[in-house]
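Single-structure report; data block below.
Number of protein chains: 2
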Amino acid sequence: MTLNPADPDFIAHLHQLLPGAAFREVEPKYLEEPRGRWIGQAGVVVAPATVDEVATVITAASKARVGVVPYGGGTGLVGGQILSDGSAPVLLSLERMRAIRGIYPDENVMVVEAGAILADIHAAAAEVNRLFPLTIAAKGSARIGGNLATNAGGVNVLRYGNARDLCLGLEAVLPSGEVWHGLKRLRKDNAGYDLKNLMIGSEGTLGVITAATLKLYPRPATEGTALIVVNSPEAALALLARARDHLGEAVSAFELMHRTGLEFLAETLPDLRLPFADLPEWFVLIDVGLARGLDPQASLGALFADAHEAGLVSDGMIAQSEAQRQQFWEVRENIPEGNRRIGSISSHDISVPIGAIPDFIIRGNKVIAALGAFRINCFGHLGDGNLHYNIFPPKGQSREAHVEKREAIKRAVHDLVHQMGGSVSAEHGVGRLKVEDLERYGDPVKMSAMRAIKAALDPKSIMNPGAVLRDPSD
Amino acid sequence: MTLNPADPDFIAHLHQLLPGAAFREVEPKYLEEPRGRWIGQAGVVVAPATVDEVATVITAASKARVGVVPYGGGTGLVGGQILSDGSAPVLLSLERMRAIRGIYPDENVMVVEAGAILADIHAAAAEVNRLFPLTIAAKGSARIGGNLATNAGGVNVLRYGNARDLCLGLEAVLPSGEVWHGLKRLRKDNAGYDLKNLMIGSEGTLGVITAATLKLYPRPATEGTALIVVNSPEAALALLARARDHLGEAVSAFELMHRTGLEFLAETLPDLRLPFADLPEWFVLIDVGLARGLDPQASLGALFADAHEAGLVSDGMIAQSEAQRQQFWEVRENIPEGNRRIGSISSHDISVPIGAIPDFIIRGNKVIAALGAFRINCFGHLGDGNLHYNIFPPKGQSREAHVEKREAIKRAVHDLVHQMGGSVSAEHGVGRLKVEDLERYGDPVKMSAMRAIKAALDPKSIMNPGAVLRDPSD
Numbered sequence: 001m002t003l004n005p006a007d008p009d010f011i012a013h014l015h016q017l018l019p020g021a022a023f024r025e026v027e028p029k030y031l032e033e034p035r036g037r038w039i040g041q042a043g044v045v046v047a048p049a050t051v052d053e054v055a056t057v058i059t060a061a062s063k064a065r066v067g068v069v070p071y072g073g074g075t076g077l078v079g080g081q082i083l084s085d086g087s088a089p090v091l092l093s094l095e096r097m098r099a100i101r102g103i104y105p106d107e108n109v110m111v112v113e114a115g116a117i118l119a120d121i122h123a124a125a126a127e128v129n130r131l132f133p134l135t136i137a138a139k140g141s142a143r144i145g146g147n148l149a150t151n152a153g154g155v156n157v158l159r160y161g162n163a164r165d166l167c168l169g170l171e172a173v174l175p176s177g178e179v180w181h182g183l184k185r186l187r188k189d190n191a192g193y194d195l196k197n198l199m200i201g202s203e204g205t206l207g208v209i210t211a212a213t214l215k216l217y218p219r220p221a222t223e224g225t226a227l228i229v230v231n232s233p234e235a236a237l238a239l240l241a242r243a244r245d246h247l248g249e250a251v252s253a254f255e256l257m258h259r260t261g262l263e264f265l266a267e268t269l270p271d272l273r274l275p276f277a278d279l280p281e282w283f284v285l286i287d288v289g290l291a292r293g294l295d296p297q298a299s300l301g302a303l304f305a306d307a308h309e310a311g312l313v314s315d316g317m318i319a320q321s322e323a324q325r326q327q328f329w330e331v332r333e334n335i336p337e338g339n340r341r342i343g344s345i346s347s348h349d350i351s352v353p354i355g356a357i358p359d360f361i362i363r364g365n366k367v368i369a370a371l372g373a374f375r376i377n378c379f380g381h382l383g384d385g386n387l388h389y390n391i392f393p394p395k396g397q398s399r400e401a402h403v404e405k406r407e408a409i410k411r412a413v414h415d416l417v418h419q420m421g422g423s424v425s426a427e428h429g430v431g432r433l434k435v436e437d438l439e440r441y442g443d444p445v446k447m448s449a450m451r452a453i454k455a456a457l458d459p460k461s462i463m464n465p466g467a468v469l470r471d472p473s474d
Numbered sequence: 001m002t003l004n005p006a007d008p009d010f011i012a013h014l015h016q017l018l019p020g021a022a023f024r025e026v027e028p029k030y031l032e033e034p035r036g037r038w039i040g041q042a043g044v045v046v047a048p049a050t051v052d053e054v055a056t057v058i059t060a061a062s063k064a065r066v067g068v069v070p071y072g073g074g075t076g077l078v079g080g081q082i083l084s085d086g087s088a089p090v091l092l093s094l095e096r097m098r099a100i101r102g103i104y105p106d107e108n109v110m111v112v113e114a115g116a117i118l119a120d121i122h123a124a125a126a127e128v129n130r131l132f133p134l135t136i137a138a139k140g141s142a143r144i145g146g147n148l149a150t151n152a153g154g155v156n157v158l159r160y161g162n163a164r165d166l167c168l169g170l171e172a173v174l175p176s177g178e179v180w181h182g183l184k185r186l187r188k189d190n191a192g193y194d195l196k197n198l199m200i201g202s203e204g205t206l207g208v209i210t211a212a213t214l215k216l217y218p219r220p221a222t223e224g225t226a227l228i229v230v231n232s233p234e235a236a237l238a239l240l241a242r243a244r245d246h247l248g249e250a251v252s253a254f255e256l257m258h259r260t261g262l263e264f265l266a267e268t269l270p271d272l273r274l275p276f277a278d279l280p281e282w283f284v285l286i287d288v289g290l291a292r293g294l295d296p297q298a299s300l301g302a303l304f305a306d307a308h309e310a311g312l313v314s315d316g317m318i319a320q321s322e323a324q325r326q327q328f329w330e331v332r333e334n335i336p337e338g339n340r341r342i343g344s345i346s347s348h349d350i351s352v353p354i355g356a357i358p359d360f361i362i363r364g365n366k367v368i369a370a371l372g373a374f375r376i377n378c379f380g381h382l383g384d385g386n387l388h389y390n391i392f393p394p395k396g397q398s399r400e401a402h403v404e405k406r407e408a409i410k411r412a413v414h415d416l417v418h419q420m421g422g423s424v425s426a427e428h429g430v431g432r433l434k435v436e437d438l439e440r441y442g443d444p445v446k447m448s449a450m451r452a453i454k455a456a457l458d459p460k461s462i463m464n465p466g467a468v469l470r471d472p473s474d
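Protein sequences appear in the order of chains X and U. Every letter in the first sequence is one number past the one before it in the UniProt record's numbering, and letter 426, counting from 1, is 426. Every letter in the second sequence is one number past the one before it in the UniProt record's numbering, and letter 238, counting from 1, is 238.
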């Protein structure tokens with residue numbers, strides 16, 4: 001059965017149920033997404049101030065069979081926040097639920113509402129000398145509810161895990177409109193099925209996260225960063241193993257980058273100072289956070305010396321100051337912006353078993369070469385087996401000239417990833433962009449379990465219709 | 001609709017489907033559990049050798065509406081492996097699926113079958129210089145499938161997490177008899193709902209785990225252990241915070257113990273050498289695993305000096321040898337055996353927010369004192385907010401003389417835990433022992449979501465009937 005639109009009658013009904021402050025103009029910012037692939041639609045934008053108001057919206061939508069699209073910071077890259085066709089939904093923005101409900105430094109715990117911006121959570125943790133380690137490029141506008149709904153990743157997963165690993169409890173409104181009060185501050189709780197992890201990563205299709213209990217960490221006593229030129233992706237992998245032998249969990253980021261990324265930065269962001277005289281083919285950024293009694297420069301120096309003796313690395317720089325650490329990180333953090341300015345034909349957020357990364361890079365390059373003389377910018381979270389494998393037109397040519405190859409490129413890359421036991425959605429989620437990929441590559445038994453769970457918890461299919469799973473009425 | 005028994009006709013049918021080697025005698029060992037509370041029943045015991053044979057059993061049971069009780073090492077403490085009433089089920093033992101399917105030291109990954117014994121997994125990891133950190137007292141007989149099905153905890157959760165945090169993927173047979181192939185070796189995979197974590201901790205009620213991809217860790221360069229006498233539970237908590245400030249994630253265990261535990265050991269295991277001349281009221285065992293360049297004795301010494309100056313601790317011993325480390329750990333590891341020999345009236349596996357532990361201990365003691373002059377042995381994983389809070393008869397009296405108080409004691413302790421935002425099942429699971437507790441204390445919206453998920457994935461309710469959730473036909 002198809003959903004009904006959020007039409008004037010339904011909107012008038014919502015106005016009876018919610019205070020005027022809960023309504024927002026249907027502005028373009030709610031209907032656009034970062035890559036400009038789709039334009040969304042909405043009958044009404046509501047921004048509830050409390051979990052009870054969220055429950056009121058969902059209950060009304062359920063009764064009227066109107067779709068609900070939850071909306072965090074709008075920074076998702078797979079269209080999970082954008083419904084571009086079908087009946088106009090309610091767009092439910094968490095922007096007014098930004099409170100930090102409690103901080104418990106002794107427990108390394110913080111309780112926040114879903115609309116809190118990631119960077120504000122970082123700052124609140126820092127104020128009590130703690131660390132909330134989840135961090136992504138969009139941290140200045142992404143909201144924690146969206147980070148959890150999509151199980152966001154980022155550069156610190158190697159040490160601290162994905163968003164799901166940093167969450168102890170949730171408050172959420174289920175598709176029935178009922179509120180699940182699951183904000184416990186417990187490290188161990190084996191009382192029943194893991195509804196928390198089912199909600200995390202379900203991208204708003206099983207309910208709306210309204211608040212979360214987050215794990216904090218002690219801040220490392222000292223931090224250090226190095227940029228190291230590696231002889232090959234295989235050497236990078238061997239360097240990672242040595243880094244963990246030397247430093248254990250202290251390795252908080254291990255990012256692989258390619259010369260193409262530096263060339264794009266030189267071309268599109270000429271004011272950015274690149275820390276290399278000659279651009280290396282492959283290099284890594286290593287970030288460490290150490291316990292008391294260890295010196296980051298000495299530790300990274302010992303690691304470099306060891307790796308150099310083993311023939312893995314040819315050159316390297318260890319940051320001598322916090323300003324230099326920032327400079328090294330700026331290289332990494334600007335690579336997506338350089339990509340955006342060049343304009344990719346097709347971008348892929350893939351993972352493979354860590355040991356298969358070098359082979360994937362060799363085979364991927366062959367697969368792409370067979371389709372044309374494209375440029376490849378391959379970079380990402382080597383320590384997690386997660387690469388951003390993005391394909392660009394030859395130098396001097398436009399993306400538009402090659403856009404008809406997009407599907408063939410994507411299919412070739414995803415087929416290879418699937419053959420190698422990988423995932424075509426490593427950290428960005430499925431959204432609406434990858435629904436077909438999930439149908440093609442997903443385990444059929446898991447897919448049928450997912451559909452059964454969706455039907456059981458959201459029998460009217462109102463929650464974020466068409467995201468993750470195809471709308472059954474389509 | 002009630003289930004059918006595994007009767008001679010059904011058993012004859014299974015004999016047509018499976019090789020003779022898959023059948024086991026219905027021996028008492030399959031029907032007993034460690035605390036001797038229940039005796040189980042089974043129409044037939046099958047021990048398949050492959051996932052396809054497991055699927056054959058489940059498919060047949062589904063068609064015939066016969067219950068299936070998955071069986072690992074039989075070490076669970078909440079009766080999840082024991083069906084003592086209702087129609088006789090198939091007992092499905094994973095004991096023949098013990099293979100280690102692959103080890104990938106460079107990826108810190110191991111793929112094992114569900115019947116592998118935890119201690120054998122430890123040994124296999126050690127052979128490639130890696131650590132599988134999950135460890136519990138029953139490690140010599142517990143099987144990893146059961147550890148995952150119950151989301152086992154243990155002494156290293158503080159640093160490495162529960163069983164679910166150590167699992168990257170699963171192979172499982174769902175209640176339909178279909179096989180979910182989810183053994184990916186990926187650190188990041190956001191392709192759809194988190195079926196893995198839904199299966200983990202569902203105690204065999206949503207399917208049978210047949211294999212798992214496990215996370216390994218680098219072995220710490222050096223390890224150290226201290227026993228430290230703390231002035232109070234509050235001081236123990238402050239010591240934990242200081243330990244993490246000094247040592248970061250290197251603190252791998254932080255166990256609180258009480259004099260009662262030592263008195264029980266002196267009484268029941270007189271050959272065990274206790275490392276204290278005068279028995280302290282409260283003390284902790286701290287275990288650390290350090291990166292290169294740090295000395296465990298020096299680090300623990302600095303921590304002790306700091307805590308002593310702050311007035312938190314009065315005495316302490318730092319292990320000077322591996323033999324002494326083992327001796328310190330033996331105290332901790334024998335406490336459950338001492339308890340068993342004394343004989344508890346009621347045992348409680350509870351968690352509260354870490355910061356609430358001292359208050360819980362004060363209020364718990366008052367609650368128990370109001371019920372009688374009982375002895376309390378309170379000990380456990382302070383760093384996880386998880387205490388084993390066990391109640392014993394007064395000295396010289398038998399458990400039997402007080403067994404009629406068991407329900408009142410349990411109710412009083414669990415009511416208090418619930419009031420304090422805690423969990424009445426921290427690490428042992430729900431099984432059949434705590435079904436009523438879950439109904440009493442569980443969030444009703446979560447409970448109804450759980451029932452909907454169970455009905456969606458196991459519409460005939462054949463999987464581990466009556467565990468976690470009451471059988472709908474009851």
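All C-beta atoms in this analysis are idealised placements derived from N, C-alpha and C, irrespective of residue type, glycine included. Quick caveat: nothing in here was measured; it's all calculated off a predicted structure.
Going along chain X, which residues have a C-beta under 9 Å from residue i?
i: Ala250(U); result: Gly248, Glu249, Ala291
Which chain U residues are close to residue i, counting only those with a beta carbon under 7 Å from its beta carbon?
i: Asp287(X); result: Within 7 Å Cβ-Cβ: nothing; Asp287(X) doesn't reach chain U, min ~15 Å.
Listing by chain order, which chain X residues have their CB less than 7 Å from the CB of residue i?
i: Met110(U); result: Result: empty, since nearest Cβ-Cβ is about 12 Å, beyond 7 Å.
List the residues that DSSP assigns as beta-bridge partners of residue i.
i: Val173(X); result: Val179(X), Val208(X)
By DSSP, does residue i sit in helix, in strand, or in coil?
i: His381(X); result: strand
i: Asn156(U); result: coil
i: Thr50(X); result: coil
i: Ala298(X); result: helix
i: Leu312(U); result: coil
i: Tyr441(U); result: helix
i: Asn390(X); result: strand
i: Lys446(X); result: helix
Can you find a C-beta in chain X that's less than 8 Å from the C-beta of residue i?
i: Tyr71(U); result: no
i: Met450(U); result: yes
i: Asn162(U); result: yes
i: Tyr30(U); result: no
i: Leu312(U); result: no
i: Leu17(U); result: no
i: Leu131(U); result: no
Do we get a CB-CB distance below 8 Å when we pair residue i with the residues of chain U?
i: Tyr193(X); result: yes
i: Asn390(X); result: no
i: Pro220(X); result: yes
i: Thr150(X); result: yes
i: Asp106(X); result: yes
i: Trp282(X); result: no
i: Leu294(X); result: yes
i: Gly153(X); result: yes
i: Val418(X); result: Strictly speaking, residue 418(X) in this sequence is His, with Val absent from that position. No, His418(X) lies away from the interface with chain U (no Cβ there is under 8 Å from its Cβ).
Apply the 10 Å Cβ neighbour rule to residue i and answer buried if 16 or more other Cβ atoms are within range, or exposed otherwise.
i: Ala61(X); result: buried
i: Ala138(X); result: buried
i: Asp295(X); result: exposed
Given that residue i touches chain U, what residues does it touch there, using C-beta distances under 8 Å?
i: Ser351(X); result: Leu186, Arg187, Lys188, Asp189
Just to check, is the beta-carbon of residue i closer than 7 Å to a non-hydrogen atom of the ligand HEM?
i: Glu309(U); result: Among the components of this structure there are no ligands whatsoever, and the ligand HEM is therefore not found.
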